[in-house]
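For reference, each letter of the sequence shown is one residue, going 3 to 503 in the numbering used here. See structure below.
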Amino acid sequence: MKRLLPICIVGILLCTAFGAVGLKSDKETKDDSNLGNRDFTHTVFAEDATATWCGYCHYAREALDVVYTSGDYPFYYICMVDDMNTHAASRIDDFNLYGFPTVFFDYGYNTVIGGWTGNEAEYRTAITQSGARTVADIDVNLNVAWLGDATMDISVGVTNNEATPYAGHLHVYMTEIESSLGWLDTTGHPYTFPFLDYAFNEPLSIAVGGTWTNSMTWNGHNHNSGMGQDFGSIQYGNIAVIAAIFNNTWHQGYSYPPSSNPFNAYYVDDAAGVLVADTGPNIPYNPDPSNGATSVHIEKDVSWTGGGSPGSTITYDVYFGTTSSPPKVSSNQSATTYNPGTLSFSTMYYWKIVAWDENDNSAIGPVWHFTTTDNPNNAPNTPTISGPEKGGINKTYKYTITGTDSDSDMVYAYIVWGDDTITDWIGPYNSGEAFFVTHKWSEKGTYTVQVKVKDEHGAESDWATLDVKMPTSLGATNPFLLWLFEQFPHAFPILRYLFGL
Numbered sequence: 003m004k005r006l007l008p009i010c011i012v013g014i015l016l017c018t019a020f021g022a023v024g025l026k027s028d029k030e031t032k033d034d035s036n037l038g039n040r041d042f043t044h045t046v047f048a049e050d051a052t053a054t055w056c057g058y059c060h061y062a063r064e065a066l067d068v069v070y071t072s073g074d075y076p077f078y079y080i081c082m083v084d085d086m087n088t089h090a091a092s093r094i095d096d097f098n099l100y101g102f103p104t105v106f107f108d109y110g111y112n113t114v115i116g117g118w119t120g121n122e123a124e125y126r127t128a129i130t131q132s133g134a135r136t137v138a139d140i141d142v143n144l145n146v147a148w149l150g151d152a153t154m155d156i157s158v159g160v161t162n163n164e165a166t167p168y169a170g171h172l173h174v175y176m177t178e179i180e181s182s183l184g185w186l187d188t189t190g191h192p193y194t195f196p197f198l199d200y201a202f203n204e205p206l207s208i209a210v211g212g213t214w215t216n217s218m219t220w221n222g223h224n225h226n227s228g229m230g231q232d233f234g235s236i237q238y239g240n241i242a243v244i245a246a247i248f249n250n251t252w253h254q255g256y257s258y259p260p261s262s263n264p265f266n267a268y269y270v271d272d273a274a275g276v277l278v279a280d281t282g283p284n285i286p287y288n289p290d291p292s293n294g295a296t297s298v299h300i301e302k303d304v305s306w307t308g309g310g311s312p313g314s315t316i317t318y319d320v321y322f323g324t325t326s327s328p329p330k331v332s333s334n335q336s337a338t339t340y341n342p343g344t345l346s347f348s349t350m351y352y353w354k355i356v357a358w359d360e361n362d363n364s365a366i367g368p369v370w371h372f373t374t375t376d377n378p379n380n381a382p383n384t385p386t387i388s389g390p391e392k393g394g395i396n397k398t399y400k401y402t403i404t405g406t407d408s409d410s411d412m413v414y415a416y417i418v419w420g421d422d423t424i425t426d427w428i429g430p431y432n433s434g435e436a437f438f439v440t441h442k443w444s445e446k447g448t449y450t451v452q453v454k455v456k457d458e459h460g461a462e463s464d465w466a467t468l469d470v471k472m473p474t475s476l477g478a479t480n481p482f483l484l485w486l487f488e489q490f491p492h493a494f495p496i497l498r499y500l501f502g503l
């Protein structure tokens with residue numbers, strides 16, 4: 003608080019000099035005639051530097067509240083009450099403050115200093131200007147669950163939709179909707195959305211397509227203003243949690259535009275807020291598979307985290323399919339899981355969840371996506387080989403081979419004849435198709451024929467074998483006997499013995 007006295011003096015001078023004449027925004031030179039009709043690129047976030055002793059600060063608070071409650075813009079604000087909270091005072095120091103009140107939109111993209119009856123119009127201009135600027139394509143999702151006794155579970159996720167990695171900084175501000183701690187402006191009105199303390203205050207680094215997530219339990223009994231007040235008395239229904247993402251790109255800001263009291267400005271890329279009250283279901287979050295996941299098993303169930311106001315009954319509609327606008331596949335289910343059945347290999351699936359409560363309030367989740375794993379290849383089964391197991395040399399014999407593949411791939415055959423000759427990868431043949439090969443041996447002996455098959459992906463089977471005996475050359479001396487033995491392979495055992503067959 004070493005800087006409180008000089009700020010008080012500056013604040014008194016400002017209240018005297020500018021109480022009825024609001025100082026202009028540093029963006030006043032823009033043509034604002036059509037800004038109100040533009041689409042917003044992001045949710046705008048404002049920080050109001052204020053103090054309870056400041057006679058004109060109530061104009062700023064009142065104007066911010068009117069704009070916020072109008073619902074005209076995607077917009078959140080907080081009041082940083084300098085003389086009641088050291089966390090607020092420290093945050094105000096980041097802006098090299100010139101005087102109270104000053105409202106910083108998107109961390110100094112617009113700065114409006116002074117309090118007067120014209121603040122509302124100035125703030126609307128600042129919001130529409132800030133909301134029209136180009137920002138990084140990120141999304142922030144915030145969920146808060148009330149546990150009772152000033153305690154909440156808080157989870158936040160930030161998704162990078164950019165084509166490059168994202169670097170920034172996250173603030174999650176704990177506030178009351180209206181101060182219950184006696185923080186009043188000079189009209190006696192409680193400050194609205196007074197900043198209490200941070201839930202998160204940390205840098206972010208997010209890969210392309212990635213999502214940063216974190217969660218924590220925040221207990222008001224463990225946090226205090228730094229001036230003797232802890233926050234254990236805050237109540238359900240009067241709490242707002244607000245998240246803002248600040249880009250790491252530096253800009254020159256001025257607390258007293260256009261060129262006085264410089265500070266380092268890091269503009270806001272997105273913001274989100276949750277009123278811890280009966281506000282309907284939570285926006286579904288924490289998807290499993292995670293957004294952008296790859297190599298997901300084809301039997302995977304999808305799941306998410308939902309919930310809503312304490313005591314409410316939440317149900318879910320599930321949208322799931324292979325298009326970016328997936329169809330509804332389940333309605334009014336209470337489970338936070340869904341079984342889509344057996345999925346296809348190497349396929350991108352899209353899904354989203356819409357949560358409902360018993361009062362027909364809904365919360366629409368983002369469209370998530372994941373890609374299933376590639377089809378795992380299985381090696382073919384061991385082939386079969388059949389044909390004559392005995393015979394004579396220099397005669398051609400026919401053998402039947404069958405190769406099967408559990409993936410129904412076509413197969414190729416490789417045959418080792420046992421006489422230093424091979425038949426190299428013939429085919430392809432359909433899985434289960436019988437095909438024929440021929441061979442003749444030129445010398446007597448017993449030969450082990452080996453055959454294996456491979457599929458279209460190169461996966462090979464085990465070897466199949468067949469022993470073939472070529473004891474003598476009957477072709478030259480007794481063709482009739484050779485023919486006879488071939489026609490009746492199991493007859494004439496005595497003759498076969500005599501001829502060594």
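Glycine is no exception: its CB is placed at the ideal position from the N, C-alpha and C atoms.
Return the residue from the list the options that minimises the CA-CA distance to residue i.
i, options, result
"CYS59", "THR88, GLY190 and ALA123", "GLY190"
"ASN361", "THR315, LYS397 and ASN379", "THR315"
"PHE298", "LYS330, ASN334 and PHE347", "Checking the sequence shown, residue 298 turns out to be Val, not Phe. With distances taken between Cα atoms, VAL298 lies closest to PHE347."
"ASP422", "LYS302, THR404, ASN432 and GLY447", "GLY447"
"ASN380", "SER433, GLN452 and SER333", "SER433"
"PRO342", "THR251, PRO430, ASN162 and SER305", "SER305"
"ALA147", "LYS354, ILE424, GLY308 and TRP185", "GLY308"
"ASP303", "THR440, SER326, LYS330 and THR338", "THR338"
"ASP108", "GLU49, CYS56, ASN163 and CYS81", "GLU49"
"ASP376", "SER388, MET350, ALA365 and VAL356", "MET350"
"ALA466", "GLU488, PHE490 and GLY420", "GLY420"
"ARG78", "ALA128, ILE94, HIS253 and GLY120", "A small fix is needed here, since residue 78 is Tyr in this sequence, not Arg. For TYR78, the nearest C-alpha among the options comes from ALA128."
"GLN335", "ASP319, SER327, TYR268 and PRO328", "ASP319"
"LEU183", "THR54, GLY170, LEU149 and VAL158", "THR54"
Which residues in the same chain as residue i place their Cβ atom closer than 6 Å to its Cβ, once the five residues preceding and following it in sequence are excluded?
i, result
"ALA209", "PRO167"
"GLY2", "Because the chain here runs from 3 to 503, residue 2 falls outside it and cannot be looked at."
"THR296", "THR373"
"HIS89", "ASP199"
"ALA91", "ASP84"
"ALA201", "ILE156, VAL174, MET176 and TRP220"
"LYS354", "TYR321, GLY367 and VAL369"
"GLY222", "ALA152, PHE233, GLY234 and ILE236"
"SER35", "In this predicted model, SER35 has a pLDDT of only 27, less than 50, meaning its place in the structure is not dependable; the value taken from the coordinates is given anyway. Excluding positions up to five away in sequence, the list is empty."
"PRO289", "TRP306 and TRP370"
"PRO291", "VAL298 and PHE372"
With a cut-off of 8 Å on the beta carbons, I'd call residue i and residue j a contact; round off their distance for me.
i, j, result
"LEU66", "VAL105", "7 Å"
"LEU172", "GLU204", "6 Å"
"ILE395", "SER444", "6 Å"
"ALA415", "PRO385", "7 Å"
"LYS400", "PHE437", "Rounded, the Cβ-Cβ distance is 11 Å, inconsistent with contact."
"THR213", "THR130", "THR213 to THR130, Cβ: 30 Å. No contact."
"PRO283", "ASP187", "Rounded, the Cβ-Cβ distance is 35 Å, inconsistent with contact."
"ASN506", "PHE197", "Residue 506 cannot be examined here, being either before or after the span of the chain that is shown, 3 to 503."
"ILE387", "VAL331", "With a Cβ gap of about 50 Å, ILE387 and VAL331 do not count as contacting."
Using a Cβ-Cβ cutoff of less than 7 Å, which residues in the same chain neighbour residue i once the five nearest sequence positions on both sides are dropped?
i, result
"TYR258", "TYR100 and ILE115"
"PHE265", "ASP96, PHE97, ASN98, GLY110, GLY255 and SER257"
"ALA493", "none"
"VAL413", "PRO382, GLY405, ASP407, GLY429, PRO430, TYR431, SER433, VAL455, LYS456 and ASP457"
"THR344", "ILE300 and GLU301"
"PRO192", "GLU180, SER181, TRP185 and LEU186"
"ASN226", "ASP232 and PHE233"
"ARG63", "ASP50, THR52, CYS81, ASP187, TYR193 and THR194"
Output needed for residue i: all residues of its chain with C-beta closer than 8 Å, excluding positions within five of it in sequence on either side, in chain order.
i, result
"PHE482", "none"
"HIS44", "PRO76, GLY133, VAL137, VAL270, ASP271, ASP272 and ALA273"
"VAL68", "GLU122"
"GLU164", "ALA138, ASP139, ILE140 and VAL210"
"THR325", "TYR352"
"LYS442", "ILE395, ASN396, LYS397, THR398 and TYR399"
"MET472", "LYS392, GLY393, GLY394, ILE395, TRP443, GLU445, LYS446, GLY447, THR448 and TYR449"
"GLY477", "Low confidence applies here, because GLY477 scores a pLDDT of 45, under 50, leaving its location unreliable; read the following figure in that light. Same-chain partners within the cutoff: GLY394, ILE395, ASN396, LYS397 and LEU484."
"VAL23", "Bear in mind that the predicted position of VAL23 carries a pLDDT of just 30, short of 50, making it unreliable; the figure below should be weighed with that in mind. If we look at VAL23 and ignore the five residues flanking it on each side, its Cβ neighbours are GLY116 and TRP118."
"MET229", "MET86, ASN87 and THR88"
"ARG93", "GLU49, MET82 and PHE197"
For a test of your reading of the model: does the CB of residue i fall under 6 Å from any non-hydrogen atom of the ligand MN? Yes or no.
i, result
"TYR268", "The ligand MN is not part of this structure, which contains no ligands at all."
Note to self: Give the list of continuous alpha helix (DSSP H) stretches no shorter than 4 residues that lie fully inside the segment 50–79.
What the structure shows: 59–72
Checklist line | Inter-stretch contact at 8 Å, needing at least 3 Cβ pairs: the segment 260–276 / the segment 232–249 | finding: Touching, yes.
Check: Taking three-plus beta-carbon pairs below 8 Å as touching, is the segment 109–118 in contact with the segment 136–151?
Finding: The way I'd put it, the segment 109–118 doesn't touch the segment 136–151; fewer than three beta-carbon pairs between them come closer than 8 Å.
Check: At a cut of 8 Å, does the segment 448–465 reach the segment 401–419 through at least three beta carbon pairs?
Finding: Contact holds: three or more Cβ-Cβ distances are below 8 Å.
Next item on the list: Kindly provide the ranges of any beta strand (DSSP E) runs that are 3 or more residues long and lie completely inside the segment 303–357, ordered along the chain.
Entry: 304–307, 317–323 and 330–335
Note to self: Just to confirm the assignment: which complete beta strand (DSSP E) runs, minimum length 3, are found wholly within the segment 131–166?
What the structure shows: 140–150 and 153–162
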